[in-house]
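Participant: Below is the structure I would like to discuss, written out as structure tokens.
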Amino acid sequence: MKEYRFRIIIILAAIALSIYLLYPTFLDYQNNKHIQSVVEQKKQEILNQNPTISKSELEELLTIVEDSIKQSDPSFIENRLKRLKLGLDLQGGMRVVLEVNTAKLLEKLANNPDQVFTSALAEAKKEAETSDESVVEILARKFQQKGIRLSRYFGNIRQDDAEIIAQLKKDSEDAVTRAMEIIRNRVDQYGVSEPSIQRQGSRRIIVELPGVAKEEEAKQLLQGTALLEFRLVKDPDFTYQIMERIDKALAKVLAAGNDSLLAELTDTTKKSDTTALADTTQKQLTEEEFKQQHPFFSVALLDPQGRSADAFVKEDDRNKIQRWLSLPEVKKEIPDNVEFVFSAKPISTTQDGKKVYFMYLVNKQPELTGGVVTNAVATLDPNTSAPIVNMEMNSEGAVEWARITGANIGKRIAIMLDGKVFSAPVVRGKIPGGRSQIEGMENLDEAKLLEIVLKAGALPAPVDVIEERIVGPSLGEDSVRGGLSAAIYGYIAVALFMIIYYRQSGSIAAAVLILTILFILSILAGFKATLTLPGIAGIVLTIGMAVDANVLIFERMREELATGKTLKASIDSGFSKAMSAIIDSNITTFFTGIILYQFGTGPVQGFALTLMIGIASTLFSALVISRLIFDYLASKGAKISIG
Amino acid sequence: MRIFHNLNVNWMGMRKTFYILSLALFLIGMLNVVFRGLVFGIDFKGGSEIVLQFEKPVDVATIRNDLANIGLGAVEVRTFGAETGILVRTELQEIPKEIYPKVVERIRENINKILPGVPYQLVDSTINSVTIEFTNPDTTNTMIAELFALGFQTGKVSEELDNKQMLVRVGIADWIKEVLREKVKDNPFQVVKEDRVGPKIGEELKRDAVLAVLLSLLVILIYLGFRFKFVFAVGAVTALFHDVLITVGLYAVLYGLIPGLNLEIDLPVVAAFLTLVGYSINDTVIVFDRIRENMKIHKTMGLEELINKSINQTMSRTIITGVTTLLAVFVLFLLGGDVLRAFSFTLLFGIIIGTYSSIFVASAMVLDYAQKTKKKVQFS
Chain Y
3 MKEYRFRIII
13 ILAAIALSIY
23 LLYPTFLDYQ
33 NNKHIQSVVE
43 QKKQEILNQN
53 PTISKSELEE
63 LLTIVEDSIK
73 QSDPSFIENR
83 LKRLKLGLDL
93 QGGMRVVLEV
103 NTAKLLEKLA
113 NNPDQVFTSA
123 LAEAKKEAET
133 SDESVVEILA
143 RKFQQKGIRL
153 SRYFGNIRQD
163 DAEIIAQLKK
173 DSEDAVTRAM
183 EIIRNRVDQY
193 GVSEPSIQRQ
203 GSRRIIVELP
213 GVAKEEEAKQ
223 LLQGTALLEF
233 RLVKDPDFTY
243 QIMERIDKAL
253 AKVLAAGNDS
263 LLAELTDTTK
273 KSDTTALADT
283 TQKQLTEEEF
293 KQQHPFFSVA
303 LLDPQGRSAD
313 AFVKEDDRNK
323 IQRWLSLPEV
333 KKEIPDNVEF
343 VFSAKPISTT
353 QDGKKVYFMY
363 LVNKQPELTG
373 GVVTNAVATL
383 DPNTSAPIVN
393 MEMNSEGAVE
403 WARITGANIG
413 KRIAIMLDGK
423 VFSAPVVRGK
433 IPGGRSQIEG
443 MENLDEAKLL
453 EIVLKAGALP
463 APVDVIEERI
473 VGPSLGEDSV
483 RGGLSAAIYG
493 YIAVALFMII
503 YYRQSGSIAA
513 AVLILTILFI
523 LSILAGFKAT
533 LTLPGIAGIV
543 LTIGMAVDAN
553 VLIFERMREE
563 LATGKTLKAS
573 IDSGFSKAMS
583 AIIDSNITTF
593 FTGIILYQFG
603 TGPVQGFALT
613 LMIGIASTLF
623 SALVISRLIF
633 DYLASKGAKI
643 SIG
Chain B
571 MRIFHNLNVN
581 WMGMRKTFYI
591 LSLALFLIGM
601 LNVVFRGLVF
611 GIDFKGGSEI
621 VLQFEKPVDV
631 ATIRNDLANI
641 GLGAVEVRTF
651 GAETGILVRT
661 ELQEIPKEIY
671 PKVVERIREN
681 INKILPGVPY
691 QLVDSTINSV
701 TIEFTNPDTT
711 NTMIAELFAL
721 GFQTGKVSEE
731 LDNKQMLVRV
741 GIADWIKEVL
751 REKVKDNPFQ
761 VVKEDRVGPK
771 IGEELKRDAV
781 LAVLLSLLVI
791 LIYLGFRFKF
801 VFAVGAVTAL
811 FHDVLITVGL
821 YAVLYGLIPG
831 LNLEIDLPVV
841 AAFLTLVGYS
851 INDTVIVFDR
861 IRENMKIHKT
871 MGLEELINKS
881 INQTMSRTII
891 TGVTTLLAVF
901 VLFLLGGDVL
911 RAFSFTLLFG
921 IIIGTYSSIF
931 VASAMVLDYA
941 QKTKKKVQFS
């Protein structure tokens with residue numbers, strides 16, 4: 003027994019680790035089943051009470067129920083993050099590849115474009131469709147042929163062509179960054195869970211939105227121009243008054259017995275830090291009482307010491323507040339010309355990992371919209387070396403800006419992109435001439451982000467959808483079902499064959515195969531990789547090929563036994579002689595896996611990944627686990643039949 | 571159980587027969603490739619494809635008729651999965667200029683149906699969308715909601731409160747859906763899958779696929795070069811091309827012959843071909859490995875006899891591995907669904923042909939090459 007101890011420990015550790023990695027997936031599955039059943043039950047209840055309820059209203063109510071269940075237990079979200087992710091082809095969703103339209107961008111960037119320019123651009127655009135060269139390069143070449151210097155249209159007269167080309171290339175890359183930020187901002191707003199927004203090469207963006215049902219709406223979000231606005235933030239006193247009125251109105255609604263509101267309130271009970279930040283005068287109330295009497299302040303927390311009325315709101319509470327604010331009883335307490343908006347980025351994180359956002363009360367009417375911004379540059383202040391953003395406006399905007407800043411000294415102006423606040427600097431004084439300096443950023447990254455946001459209004463990045471793939475949820479479900487049953491029946495078929503052909507040895511191989519599959523899935527989950535339909539195919543293929551290693555060993559053992567060796571000796575030489583063949587028979591498949599992973603996209607990469615992980619797991623299972631079982635049985639003097 | 575115990579077959583003696591068989595398969599395949607061609611999926615060709623799931627079974631022929639004269643040229647229609655599924659495909663990506671007015675007319679009709687006599691004007695029309703301006707924001711919002719409910723893809727031009735403009739998407743898929751909603755009124759459908767691949771992406775994917783295939787061949791050649799002497803590499807590579815080309819040929823032969831089996835070359839199929847390359851070379855390497863081992867043991871034995879002996883010894887392993895892999899892939903072919911059908915078909919047939927070639931083609935090539943050059947074959 004002692005000689006096996008080390009190997010046994012390794013194997014048990016591997017199995018334990020696999021189970022640990024896959025456990026969240028199991029829990030997440032259970033949770034989803036639970037949530038589904040509760041929601042379904044609730045749906046029936048609502049339908050019984052109110053058969054005439056409209057579809058959208060019903061959906062809204064059910065989302066509230068679903069959200070509140072999810073919020074009631076933080077482990078739900080935790081498990082969801084750690085689970086084995088399914089690809090878009092399995093869970094349904096949308097994958098869009100966007101490419102920045104360089105031609106359109108050049109058109110926008112050009113100074114005084116004339117006929118010559120437009121026709122050259124059109125030609126360049128056409129050529130670029132079938133060429134690897136970028137539009138910028140082709141256009142530059144075309145102008146060179148005509149003997150026109152690029153500085154006639156771009157940059158300034160002192161720059162030579164190479165400089166301008168470099169600048170234009172940088173501009174088009176910036177456009178991608180901007181488009182990404184705009185998209186991220188909107189996708190975030192749209193509430194898609196686990197979106198993925200990646201940059202591919204210098205001009206492309208890949209957006210993956212799992213489980214999106216209204217594709218078109220989402221697609222609108224990805225294209226179109228971003229709206230940059232400068233809006234006045236209301237005074238703290240005024241804001242506080244409004245909030246108090248909302249709070250009272252909500253408490254009244256609550257006292258009148260609004261079910262869904264009550265439900266939402268009660269599941270916030272676990273948030274122990276609620277009262278800590280809350281208004282100091284309320285301290286004598288118990289947490290529960292506080293919630294009953296001040297429902298609004300229990301989710302929109304104010305800093306008791308601060309002079310500002312920017313409320314702290316946790317990420318999950320944003321939707322809740324939005325719903326409350328749309329209740330008719332609450333709506334009438336808010337003046338028509340103002341609205342509550344949230345910060346685009348979280349300002350901090352609570353102890354339990356929830357992101358916290360600012361909520362501002364701003365004018366509905368923007369003071370200025372982004373078309374007037376001509377440039378923005380993030381840099382470090384030469385005097386204080388604090389990060390700043392220098393913003394420039396066109397003459398028209400500058401006049402307005404001078405008036406606005408002059409009239410609002412000491413007040414704050416929110417810089418908003420698509421309805422979200424990116425910064426709310428205080429106006430120090432009247433700004434004539436349109437050149438403003440924005441301070442107060444924590445670091446240069448933050449300043450860079452603001453630069454992107456300001457430019458998004460000035461120079462929206464025109465993007466084209468060059469590839470889109472939408473998988474409906476029903477096809478995804480079918481695929482999961484098909485893949486799963488293929489894996490199960492595939493396993494049964496292979497296992498039966500092995501047992502019939504190799505008897506006890508075959509049973510060992512079949513049992514070890516289960517561990518192989520376990521390893522594959524857990525490694526996928528551990529690496530946060532995505533399981534796609536071709537990925538499942540890769541697992542099924544692995545099931546078929548995995549026994550190859552065993553077959554090689556068993557055949558060798560048979561030969562060795564036939565020469566009259568003992569079982570133990572046959573095991574030893576069977577394993578060692580089969581070794582080189584086993585490595586041989588896996589290495590080329592592994593090579594092709596690597597290449598496929600490099601060249602493939604999405605689903606195909608999933609296949610390549612499972613294939614490679616499958617090979618690694620197979621080797622471990624066959625060479626370590628099977629070997630151990632054989633050695634152990636042989637040392638006990640047991641007879642193992644190899645058919 | 572033992573099926574291939576103590577085999578003693580003179581495989582090399584039969585090699586002429588196998589050459590003829592392989593050559594015949596190869597020629598049939600290549601003739602079909604030349605004359606019938608290979609069909610590429612939209613991954614490589616570019617185009618639009620939508621899959622619709624109807625509530626009741628639909629007749630493909632009727633749908634094909636419905637879509638024949640809508641100005642999209644040759645529209646491909648076939649069943650997808652069960653008899654309620656329909657796949658529609660066209661190589662176009664954008665609405666052709668001739669029917670563009672028709673599409674816009676359809677939008678106008680619907681606007682008039684919703685709010686008769688409402689004033690509006692067309693402010694912009696691009697190849698993918700039209701922009702319509704109404705007189706006030708409320709009308710715009712109503713119209714966006716109503717048209718969306720009818721199945722049009724509508725949206726606001728901006729989120730500004732006084733936005734009066736509505737954007738309506740007029741893509742290929744929208745037009746097809748719109749026509750079918752009109753013509754198959756009693757049988758509602760939902761969109762299961764919608765793909766659109768731009769021509770540039772298609773070109774890139776094609777280039778990547780070709781690169782991937784070439785690169786894996788290169789890697790395998792390098793590997794074989796390290797592992798064996800030249801003679802054996804010749805045999806292995808011949809077998810490899812043999813497998814891939816015959817399988818490609820089969821694609822051309824069988825395309826459209828078997829209902830429900832859609833043999834189009836798309837990304838997963840290329841992945842299957844690469845896997846096949848890896849798998850097929852493995853089998854060959856294992857036979858060669860045995861030949862090398864036997865050479866050391868039986869120093870005086872002739873090459874032909876040596877090869878026969880090695881094949882006979884490894885036959886059991888080769889067949890059993892082939893069978894288990896086939897079992898799994900066959901189950902995948904049956905149960906894996908439509909999306910994986912062509913993929914698993916490639917593997918299914920490829921494994922059979924790969925196993926055959928590693929036994930009969932690869933080793934036979936080595937033997938013939940050695941006899942021709944009259945050299946003594948050496949390893950490492």
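Heads up: the sequence lines are chains Y and B, in that order. In terms of the working numbering, the first sequence opens at residue 3 and continues consecutively. In terms of the working numbering, the second sequence opens at residue 571 and continues consecutively. By construction, the Cβ of each residue, glycine as well, lies at the ideal position given by its N, Cα and C atoms.
Quick one: is Y/Leu279 near chain B, going by C-beta distance under 7 Å?
Facilitator: For Y/Leu279, the predicted structure reports a pLDDT of 46, less than 50, and the residue's modelled location is therefore unreliable. The matter cannot be settled from this model.
Participant: Can you tell me where the alpha helix (DSSP H) with Y/Asp383 in it begins and where it stops?
Facilitator: Premise fails: Y/Asp383 is in no alpha helix (DSSP H) and is neither H nor E.
Participant: Counting only C-beta atoms, is Y/Phe601 closer than 7 Å to chain B at any point?
Facilitator: Yes, Y/Phe601 lies at the interface with chain B (some Cβ there is under 7 Å from its Cβ).
Participant: Taking 7 Å as the CB-CB limit, is B/Asp859 close to chain Y?
Facilitator: B/Asp859 counts as touching chain Y.
Participant: Does the CB of Y/Asp173 have a neighbour CB from chain B at under 7 Å?
Facilitator: Not one chain B Cβ lies under 7 Å of Y/Asp173.
Participant: Ordered along the chain, which non-local residues of its own chain (more than five positions away) have a Cβ less than 6 Å from that of Y/Ala580?
Facilitator: Leu554, Ile555 and Arg558.
Participant: Comparing the C-beta of Y/Leu625 with each C-beta of chain B, is any distance below 7 Å?
Facilitator: No - not a single Cβ of chain B is within 7 Å of the one on Y/Leu625.
Participant: What residues in its chain sit with their C-beta under 6 Å from that of B/Phe930, if we drop five residues either side in the sequence?
Facilitator: Phe588.
Participant: Just reading off the beta strand (DSSP E) that B/Gly617 is part of, what are its end residues?
Facilitator: Note, B/Gly617: beta strand (DSSP E), Gly617 to Phe624.
Participant: Give the DSSP-derived three-state secondary structure of Y/Lys1 in the structure shown.
Facilitator: Because chain Y is modelled from 3 through 645, residue 1 of chain Y falls outside the range shown and cannot be assessed.
Participant: If I follow the unbroken alpha helix (DSSP H) through Y/Glu646, where does it start and stop?
Facilitator: This structure gives no information on residue 646 of chain Y, because the portion of chain Y shown stretches from 3 to 645.
Participant: For Y/Asp480, go through chain B and note every residue whose CB falls closer than 7 Å to its CB, in chain order.
Facilitator: Here the neighbours are Gly907.
Participant: Taking 7 Å as the cut-off, decide whether the C-beta atoms of B/Tyr821 and B/Leu833 are in contact.
Facilitator: A contact, by the Cβ cut-off of 7 Å.
Participant: Considering B/Asp765, what are the terminal residues of the beta strand (DSSP E) in which it resides?
Facilitator: Here the beta strand (DSSP E) through B/Asp765 covers Phe759 to Val767.
Participant: For Y/Pro389, does the three-state DSSP call read helix, strand or coil?
Facilitator: The answer is strand: DSSP assigns Y/Pro389 an E or B state.
Participant: List the residues of chain B whose Cβ lies closer than 9 Å to the Cβ of Y/Thr407, in chain order.
Facilitator: Going along chain B, no residue has its Cβ under 9 Å from Y/Thr407, so there is no contact; the nearest lies around 22 Å.
Participant: What residue from Y/Asp249, Y/Lys148 and Y/Ile336 has the CA that sits closest to Y/Gln295's CA?
Facilitator: Ranking Y/Asp249, Y/Lys148 and Y/Ile336 by Cα distance to Y/Gln295 puts Y/Asp249 first.
Participant: Within the region 880-932 of chain B, note down every full alpha helix (DSSP H) run reaching 4 residues or more, in order along the chain.
Facilitator: Whole alpha helix (DSSP H) segments, 4+ residues: 911-930.
Participant: Does DSSP classify Y/Leu100 as helix, strand or coil?
Facilitator: Here Y/Leu100 sits in strand by DSSP.
Participant: Rounded C-beta distance between Y/Asp30 and Y/Arg85? I'm assuming under 8 Å.
Facilitator: That pair is a contact at about 4 Å.
Participant: Got a sec: is the Cβ-Cβ distance from Y/Tyr491 to anything in chain B below 7 Å?
Facilitator: With 7 Å as the cut-off, Y/Tyr491 counts as an interface residue toward chain B.
Participant: Please tell me whether B/Asn882 has its Cβ less than 7 Å away from any Cβ of chain Y.
Facilitator: Not an interface residue.
Participant: Since Y/Leu363 is in the beta strand (DSSP E), which residue starts that stretch and which ends it?
Facilitator: From DSSP, the beta strand (DSSP E) with Y/Leu363 extends over Lys357 to Asn365.
Participant: Given that Y/Glu557 touches chain B, what residues does it touch there, using C-beta distances under 9 Å?
Facilitator: Those are Gln883, Thr884, Ser886, Arg887 and Ile890, listed as they occur along chain B.
Participant: For the 8 Å Cβ check, are there 3 or more pairs between the region 560-574 of chain Y and the region 762-780 of chain B?
Facilitator: Because the criterion of three Cβ pairs below 8 Å is not met, the region 560-574 of chain Y and the region 762-780 of chain B do not touch.
Participant: Could one say the Cβ of Y/Phe593 lies closer than 7 Å to chain B's Cβ atoms, at least one of them?
Facilitator: For Y/Phe593, the answer is yes, since a Cβ of chain B falls inside 7 Å of its Cβ.
Participant: Please determine, among Y/Ser39, Y/Leu111 and Y/Gln32, the residue with the shortest C-alpha to C-alpha distance to Y/Ser77.
Facilitator: The shortest Cα separation from Y/Ser77 among Y/Ser39, Y/Leu111 and Y/Gln32 belongs to Y/Gln32.
Participant: For Y/Val41, which residues from the same chain have a beta carbon less than 7 Å from its beta carbon, with the 5 sequence-adjacent residues on both sides left out?
Facilitator: These residues qualify, in order along the chain: Leu64, Val67 and Glu68.
Participant: Using a Cβ-Cβ distance under 7 Å, would Y/Ile631 count as near chain B?
Facilitator: Judged by the 7 Å Cβ criterion, Y/Ile631 is not in contact with chain B.
Participant: Can the beta-carbon of B/Ser768 be found less than 7 Å from the beta-carbon of Y/Glu469?
Facilitator: Reading the sequence as shown, one finds Gly at residue 768 of chain B and not Ser. Yes; because the gap between Cβ atoms is below 7 Å, this pair is in contact.
Participant: Spell out whether any CB of chain Y is found under 7 Å from the CB atom of B/Leu750.
Facilitator: It does not: the Cβ of B/Leu750 has no partner Cβ on chain Y nearer than 7 Å.
Participant: Identify the continuous alpha helix (DSSP H) that holds Y/Ala346 and give its terminal residues.
Facilitator: Unbroken run through Y/Ala346: none, as it is neither H nor E.
Participant: With a 10 Å radius around its C-beta and 16 neighbouring C-beta atoms as the bar for buried, classify B/Asn635 as buried or exposed.
Facilitator: By the neighbour-count rule (16 or more Cβ atoms within 10 Å), B/Asn635 is not buried but exposed.
Participant: Closer than 7 Å, CB to CB, is Y/Met418 near chain B or not?
Facilitator: Output row for Y/Met418: interface = no.
Participant: At the level of alpha carbons, what is the spacing between B/Ile714 and Y/Gly213?
Facilitator: Cα-Cα distance, rounded: 23 Å.
Participant: What number of angstroms, rounded off, separates the C-alpha of Y/Gln607 from the C-alpha of Y/Ala177?
Facilitator: Cα to Cα, the separation comes out at about 28 Å.
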